[in-house]
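Peer 1: I'd like to ask some things about the structure below.
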Amino acid sequence: MCSYVLGIDLGGTKMSAKLISQDGLELDFKSIPTESDFLLQLHTLHAEYSNRWGRISVVSLGVPGPVSDGIMGVSFPLNTKVPTNFDDCFPGVDELIVQNDLYMATYAELKFGIGKRQRNFVLVSLSTGIGVGVVINGAILNARTEMGHQVLFLPDQDRRQCSNHSGCWASVCSGKAIESSETGVDFDQIKQINRLALANLVAAYDPGAIVLMGGVATNLFDEVVPSMDDLRGLIIHSPAPEILLTQLGSEIGVIGAIELARDRLDN
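The sequence shown lines up with residues -18 to 248 when you count with my numbering.
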């Protein structure tokens, strides 16, 4: 009996899903808005594919929050306040892989994108939330890092509230923050804050490249993303890392989820 692999990129705004056969043939792809009851939505999606195609052996799921032992912690993009278990969404599968969505996207970028010529890079998602994936010496840093929530504002400054803190990068520069701004959008300010945050990533990880992805980065690249020259005034590393948009497009997360599942099956 033929079985299938389902890759899902669960975002705060939209969900992408791709079904493939175990020999790599793409059978279906869809991108749909993420609903408030995303657990029911995932369960319904799995049932729909199972009824149409047959048993799904592996589900590989990227989620917008920190992951430990398959459990997602608090997610700013999904407005969750407690850990989330996805086991009940996919009954009958042989294996459920759950990873942070930036881990999945970074896996794709490492295998098919900038990773072909850079062994050290960071992948930054400017989307509903902000996430960072890190590759050092050709290996993905697999840790519950949440650099999108690095705090950039002092207590006496105007700070915006986030999940359980305030004044972080995502609270000002994420798509969710931009859309909910009550005072209008100051793109010059957002670019300057992005400049500070990216400089911190350079200081922490010494990347040869900073790759951007996500709706905010894609649609507002010139308005909100600093240049290499912008960074030089804040960093001590030389040369400054190149700054570029991913060439893998909006499917980068689901590409990584599928590829991770296929590599595990091969091993």
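Ideal placement from N, C-alpha and C gives every residue a C-beta, glycine not left out.
(1) Mind the definition here: the stretch 149 to 157 touches the stretch 64 to 75 only if three or more C-beta pairs lie below 8 Å; say whether that holds.
(2) To which residues of the same chain is Leu8 closer than 8 Å at the C-beta, ignoring the five residues directly before and after it?
(3) Would you identify the three-state DSSP class for Cys149, choosing helix, strand or coil?
(4) In its own chain, which residues sit with a C-beta less than 6 Å from the C-beta of Ile13, not counting the 5 before and 5 after it?
(5) Quick one: which unbroken beta strand (DSSP E) runs of 3-plus residues sit fully inside the stretch 57 to 138? Chain order, please.
(6) For Phe168, which residues of its own chain have a beta-carbon under 8 Å away from its beta-carbon, when the five flanking residues on both sides are left out?
(7) Going by alpha carbons, who is nearest to Leu133 out of Leu226, Leu122, Ala178, Glu240?
(8) Count Cβ pairs between the stretch 68 to 85 and the stretch 175 to 192 that sit closer than 8 Å; are there 3 or more?
(9) If you drop the 5 nearest sequence neighbours on each side, which residues of the same chain put their C-beta closer than 8 Å to that of Gly5?
(10) Can you name, in chain order, every residue of its own chain whose Cβ lies under 7 Å from the Cβ of Gly195, other than the five neighbours on each side?
(11) For the alpha helix (DSSP H) that contains Val333, what are its first and last residues?
(12) Can you give me the C-alpha to C-alpha distance between Val115 and Asp247, rounded to a whole angstrom?
(13) Does Met(-18) pass the burial test, meaning 16 or more other C-beta atoms within 10 Å, or should it be called exposed?
(14) By the DSSP assignment, the beta strand (DSSP E) with Asp18 in it spans what residues?
(15) I'd like to check one pair, Leu(-9) with Phe93: are the Cβ atoms closer than 8 Å?
(16) Give the DSSP bridge partners of Gly43, in chain order.
(17) Under 8 Å by Cβ, that's how I've got Val250 and Val39 pegged, so tell me the actual separation to the nearest angstrom.
(18) Do the CB positions of Leu193 and Thr227 come within less than 8 Å of each other?
Peer 2: For this structure:
(1) no
(2) Result list for Leu8: Tyr(-15), Leu0, Ile1, Ser2, Trp34, in chain order.
(3) Shown here, Cys149 sits in a strand according to DSSP, grouped into three states.
(4) Taken in chain order, the residues that qualify are Met(-4).
(5) 76 to 81, 102 to 107, 111 to 117
(6) Leu201, Glu204, Val205
(7) Ala178
(8) no
(9) If we look at Gly5 and ignore the five residues flanking it on each side, its Cβ neighbours are Arg243.
(10) Ser106, Leu107, Ser108
(11) Here the chain has residues from -18 to 248 only, and residue 333 is not among them.
(12) 24 Å
(13) Bear in mind that a pLDDT of 48 at Met(-18), under 50, signals an unreliable position, so the number given afterwards is only what the model happens to contain. Exposed: under 16 other Cβ atoms inside 10 Å.
(14) Element bounds for Asp18: n/a, residue is neither H nor E.
(15) no
(16) Asp(-10), Gln80
(17) Shown here, the chain extends from -18 to 248; a query on residue 250 therefore has no answer.
(18) yes
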